[in-house]
Amino acid sequence: MVGARDGGIERWFVRRGVPHFIDDYAPTTDIWNRSLPMLVIAYVAGGLHALDLADWSWQRNLLAALVVVVVVVGGWVVTNVVRGRRPFQVPDVVGTPELALFLVGPTIPSVIFGQWGDAFQTLLEGAVVLLIIYVATSYAVVALLGWAARRSAAQLPALASLVVRALPLLLLFTTFLFINAEVWQVAGTLTGLPYVATLAIFFVLGAFFVLSRVPGIMRGLATFSSWDAVRDAAEGTPIDTRSLPASGAPPAYALSRRQRVNAALVAVFSQALQVTFVALLLTLFFSVFGFLAIPEATTGAWTGLDQVHVLLRIDVDGRPLVISEPLLRVAGFLGAFTGLYFTVVLSTDATYRDEFAEDVGPQIRQALAVRVAYLHHRARSSAPGPLDIAPTTAEH
-19 MVGARDGGIE RWFVRRGVPH FIDDYAPTTD IWNRSLPMLV IAYVAGGLHA
31 LDLADWSWQR NLLAALVVVV VVVGGWVVTN VVRGRRPFQV PDVVGTPELA
81 LFLVGPTIPS VIFGQWGDAF QTLLEGAVVL LIIYVATSYA VVALLGWAAR
131 RSAAQLPALA SLVVRALPLL LLFTTFLFIN AEVWQVAGTL TGLPYVATLA
181 IFFVLGAFFV LSRVPGIMRG LATFSSWDAV RDAAEGTPID TRSLPASGAP
231 PAYALSRRQR VNAALVAVFS QALQVTFVAL LLTLFFSVFG FLAIPEATTG
281 AWTGLDQVHV LLRIDVDGRP LVISEPLLRV AGFLGAFTGL YFTVVLSTDA
331 TYRDEFAEDV GPQIRQALAV RVAYLHHRAR SSAPGPLDIA PTTAEH
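Per the working numbering, residue -19 is the first one in the sequence shown, and the count goes up by one each step.
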């Protein structure tokens, strides 16, 4: 759609975490350019996977670090030369060749040292970093998290009521799992990417439950019978100072796929923060419980590890209390599992489900109303002739 841009409304979209509601929004234009410092840090860190600090001598690790530096800098120089830039020039445009170097370059040192598993892990981590950067920048995740945090704070009474109802049974079940040796054998020995992937499975399943409710929340929100309905829904936004038609029905502006995804993320993030809060609370509980009740010898027996890596040791009345790596892994595992369980409770509890829809629904409808007014102004500003519009009450 061609027409005058409205910077005030477009900034409001970004602050609300719905940047894709901006007409002609093209997030890929400079995402990678603005993310270059983060890409450089991740690029070098990925190459350092080739080091083995635990089993190699410091001399061998130092030599490996020099090889890493030579390889990653060499890849940078070669890419610059191929792109017609000076050898050590900082790229002014990050395109496909630079992104390919970001993925492949850090794996080369691991391949040189025959560490094929580390090379694959580095490649996978690089792809995850690119995905996170794209999603976080394209969908204004930071702004969306800020908005979701404010909305979650407003919902704390309802959330606390549900936690009080669900927590007793949940604590009984998860505490039984916590003192189960099989859980420690599984979660306490998981490290690195497999552990992160396991936690991610719980997150993805929880997100699926939340997304399954989004169509019901979204149903009818984008339909406005009159301009008065648009004005009412958009109250308290930049639309208050814009003029809209006094009568008639607004056009039906269809949402694109990305815009529907952006609207769905509003609902997902709003509930994700609440679930994360409960999961972190339970993780802290199990960490403290394990610190007080699970001795180092028991941790070693349950996990089957020859040596337990202890992070903190305190003697209380002659009894050593320890915080170990397996304890934190098990606590995090059960915290993530608790988050999934709590997500299911949120999705099946009729009272909270209705309260959540009543809170998030109007917020999404407000953004959709602002979008209707925004697109209307863009269309009218591109049309020839005077604008036949009536001022809103805020302008009288």
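For glycine and all other residues, C-beta sits at the position ideal for the given N, C-alpha and C.
Keep in mind that this is a model prediction, so the values were computed, not measured.
Can you check which of these residues, D208, D212 and A244, is closest to V227 by C-alpha distance?
Note on identity: in this sequence residue 227 is Ser, with Val being the wrong assignment. For the residues D208, D212 and A244, the minimum Cα distance to S227 belongs to D208.
How many angstroms separate the CA atom of N41 from the CA atom of A22?
Between the alpha carbons of N41 and A22 lies a gap of roughly 19 angstroms.
Delimiting residues of the beta strand (DSSP E) encompassing I303:
Element bounds for I303: R299 to S304.
Own chain, CB closer than 8 angstroms to S327, minus 5 neighbours either side, in chain order:
F189, V190, S192, R193 and R333
Compute the beta-carbon to beta-carbon distance between F204 and V352, rounded to the nearest angstrom, for a pair I have assumed lies under 8 angstroms.
6 angstroms
Range of the contiguous beta strand (DSSP E) that encloses R293:
V290 to V296
At what residue ranges does the segment 210 to 273 contain a whole run of the alpha helix (DSSP H), taking only runs of 4 or more?
237 to 273
Considering only residues of the segment 137 to 224, which uninterrupted alpha helix (DSSP H) runs meet the minimum length of 4 residues and lie entirely inside it, listed in chain order?
161 to 167, 172 to 191, 194 to 198 and 207 to 213
Is the beta carbon of V325 sitting closer than 9 angstroms to the one on A128?
no
Simplified DSSP state of I369, which is helix, strand or coil:
Confidence at I369 is low in this model, with a pLDDT of 37, below 50, so its placement is unreliable and no value can be given for it.
Please confirm whether A44 and F93 have their CB atoms less than 9 angstroms apart.
yes
Using the C-alpha atoms, what's the distance from V74 back to L16?
8 angstroms
Roughly how many whole angstroms lie between the Cα atoms of Q346 and F1?
12 angstroms
Between the segment 111 to 125 and the segment 63 to 80, can you find at least three pairs of beta-carbon atoms closer than 8 angstroms?
No: the two stretches stay apart, fewer than three of their Cβ pairs being nearer than 8 angstroms.
For the segment -6 to 19, which segments carrying the alpha helix (DSSP H) assignment without a break, of at least 4 residues, lie completely within its bounds, in sequence order?
11 to 14
CA-to-CA distance, Y114 to L355, given in whole angstroms
26 angstroms
Residue closest to E105, alpha-carbon to alpha-carbon, out of G172, V49, A281 and W164
G172
Here's a check: name, in chain order, each residue in its chain whose Cβ is nearer than 8 angstroms to the Cβ of V51, leaving out the five neighbours to either side.
G27, G85, I88, P89 and I92
On the three-state DSSP scale, how would you describe F100?
helix
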